[in-house]
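K.L.:
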Amino acid sequence: MHATVRGLVRACHPEPTLAVTAVAAGIAVSAGRPPWGVLLVAAAVLTGQLSVGWLNDYLDAARDREVGRTDKPIATGLVKKRIVGAAACCASAACVPLSFTTGLLAGGVHLVAVVSAWAYDAGVKSTRLSVLPYALSFGLLPVFVVLTSGQAPPWWLFTAGALLGSGAHFANALPDLADDARTGVHGLPHLLGPRWSSWAAVALLLGAMTCLVAGPAGAPSVAGLSLLAAACLVLTAALAPRRGSGSRALFRAIMAVALLAVVLLLITPLG
Ligand SMILES: CC(C)=CCC/C(C)=C/CC/C(C)=C/COP(=O)(O)OP(=O)(O)O
Numbered sequence: 000m001h002a003t004v005r006g007l008v009r010a011c012h013p014e015p016t017l018a019v020t021a022v023a024a025g026i027a028v029s030a031g032r033p034p035w036g037v038l039l040v041a042a043a044v045l046t047g048q049l050s051v052g053w054l055n056d057y058l059d060a061a062r063d064r065e066v067g068r069t070d071k072p073i074a075t076g077l078v079k080k081r082i083v084g085a086a087a088c089c090a091s092a093a094c095v096p097l098s099f100t101t102g103l104l105a106g107g108v109h110l111v112a113v114v115s116a117w118a119y120d121a122g123v124k125s126t127r128l129s130v131l132p133y134a135l136s137f138g139l140l141p142v143f144v145v146l147t148s149g150q151a152p153p154w155w156l157f158t159a160g161a162l163l164g165s166g167a168h169f170a171n172a173l174p175d176l177a178d179d180a181r182t183g184v185h186g187l188p189h190l191l192g193p194r195w196s197s198w199a200a201v202a203l204l205l206g207a208m209t210c211l212v213a214g215p216a217g218a219p220s221v222a223g224l225s226l227l228a229a230a231c232l233v234l235t236a237a238l239a240p241r242r243g244s245g246s247r248a249l250f251r252a253i254m255a256v257a258l259l260a261v262v263l264l265l266i267t268p269l270g
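The opening position of the sequence shown corresponds to residue 0 in numbering that gives the first Met the number 0, with each subsequent residue numbered one higher.
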């Protein structure tokens with residue numbers, strides 16, 4: 000693959016970009032969207048995620064170069080900064096019409112989510128409010144998808160998405176806390192430190208799962224209760240003293256719980 004293309008792929012934060020796009024498409028399927036509707040949602044979310052990922056690396060280029068980050072393609076010289084900036088502009092320009100193609104209200108809601116993520120990139124990530132863009136953007140993501148189907152999103156959906164996104168912020172920051180501190184990033188996870196950030200991730204992810212189990216009308220589903228019980232078991236096992244490698248076991252457990260929460264979001268009836 001050409002170096003510039005490889006650089007652009009790395010700079011867009013490919014793993015979260017694809018994961019968020021796949022989850023949005025999955026929610027569209029469970030909201031009953033036809034194939035073309037799922038495709039439109041996926042295209043709007045993909046371009047939004049690409050714009051957020053590229054803007055992030057574009058704005059962080061100098062700092063990443065300064066501390067010699069080998070995982071950052073602008074810092075290593077794999078791709079030119081201006082090409083990543085141009086790619087961010089193209090993705091943003093495509094995201095606007097694609098979002099509005101899904102509907103005026105739905106499109107507006109998606110663009111608010113994307114602008115909130117740009118605010119994270121533009122500096123909120125280095126402040127005590129770093130969790131807020133995650134809460135707002137991920138709270139609005141499932142609301143956007145349900146709105147594309149013309150239904151009213153249930154009241155608990157924004158809360159569940161916001162809790163899940165906030166938990167993801169703390170979980171995602173855990174491995175990079177020391178590196179980030181060196182580069183002047185002092186978000187909420189850095190302020191709380193690894194121990195309290197781990198507990199914040201656990202509480203927020205379990206909160207999201209509880210919301211998804213208790214939110215829908217009627218008795219909680221067996222599948223929902225089972226996933227919640229599985230999450231509690233995974234955490235209990237990770238916290239058992241005999242596991243030894245404390246924080247690594249807890250981090251892996253938090254990632255497993257995040258995955259269970261996403262599965263629960265995908266199987267929860269949204270009507
Ligand atoms: C629905 C929707 C639009 C959701 C997006 C929400 C959001 C705030 C995403 C930020 C993603 C991102 C580029 C993180 C990298 O952060 P970093 O700079 O802390 O990490 P890095 O240094 O490893 O790049």
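From the three backbone atoms N, C-alpha and C, an ideal C-beta is built for every residue, glycine too.
Suppose you measure from the CA of residue 55 to the CA of residue 117; what does that come to, to the nearest Å?
P.N.:
8 angstroms
K.L.:
Distance check for residue 174 and residue 60, CA to CA, integer angstroms please.
P.N.:
20 angstroms
K.L.:
Between residue 148 and ligand 1, is the CB less than 8 angstroms from at least one heavy atom?
P.N.:
no
K.L.:
Check whether the region 153 to 172 touches the region 133 to 140, taking contact to mean three or more Cβ pairs, one atom from each stretch, closer than 8 angstroms.
P.N.:
yes
K.L.:
State the DSSP-derived secondary structure class of residue 209, mapped to helix, strand or coil.
P.N.:
Helix.
K.L.:
How is the alpha helix (DSSP H) around residue 110 delimited, first residue to last?
P.N.:
103 to 120
K.L.:
Are the CB atoms of residue 237 and residue 204 within a distance shorter than 9 angstroms?
P.N.:
No, these two residues do not count as a Cβ contact at 9 angstroms.
K.L.:
How long is the line joining the alpha carbons of residue 127 and residue 82, rounded to whole angstroms?
P.N.:
31 angstroms
K.L.:
Would you say residue 157 touches ligand 1, meaning its beta carbon is less than 8 angstroms from a heavy atom?
P.N.:
no
K.L.:
With burial defined as no fewer than 16 other Cβ atoms inside 10 Å of the residue's Cβ, what is the status of residue 225: buried or exposed?
P.N.:
exposed
K.L.:
Distance, Cα to Cα, residue 39 vs residue 98?
P.N.:
Residue 39 and residue 98: Cα-Cα distance of roughly 8 angstroms.
K.L.:
Closer than 7 angstroms by C-beta to residue 125: which residues in its own chain qualify, once you throw out the five before and the five after it? Chain order, please.
P.N.:
183, 184, 185, 186
K.L.:
Which of helix, strand or coil does DSSP assign to residue 214?
P.N.:
In the structure shown, residue 214 falls within a coil segment according to DSSP collapsed to helix, strand and coil.
K.L.:
Determine the burial state of residue 243: buried for a count of at least 16 other Cβ atoms within 10 Å of its Cβ, exposed for fewer.
P.N.:
Since pLDDT at residue 243 reaches only 49, below the 50 mark, its modelled position is unreliable, and the value read off the structure follows with that caveat. Exposed is the call here.
K.L.:
Spatial neighbours of residue 250 within its chain, please: CB distance less than 8 angstroms, with the 5 preceding and 5 following residues excluded, ordered by chain position.
P.N.:
Taken in chain order, the residues that qualify are 170, 173, 174, 197.
K.L.:
How would you call residue 160, buried or exposed, if buried means at least 16 neighbouring beta carbons within 10 angstroms?
P.N.:
buried
K.L.:
Just to confirm my understanding: we take residue 5, look at its own chain, exclude 5 residues before and 5 after, and list those with CB closer than 7 angstroms. What are they?
P.N.:
77
K.L.:
Taking a contact to mean a Cβ-Cβ separation below 9 angstroms, would you say residue 269 touches residue 227 in this structure?
P.N.:
Taking 9 angstroms as the Cβ cut-off, residue 269 and residue 227 do not qualify as a contacting pair.
K.L.:
Helix, strand or coil: which one does DSSP assign to residue 69?
P.N.:
coil
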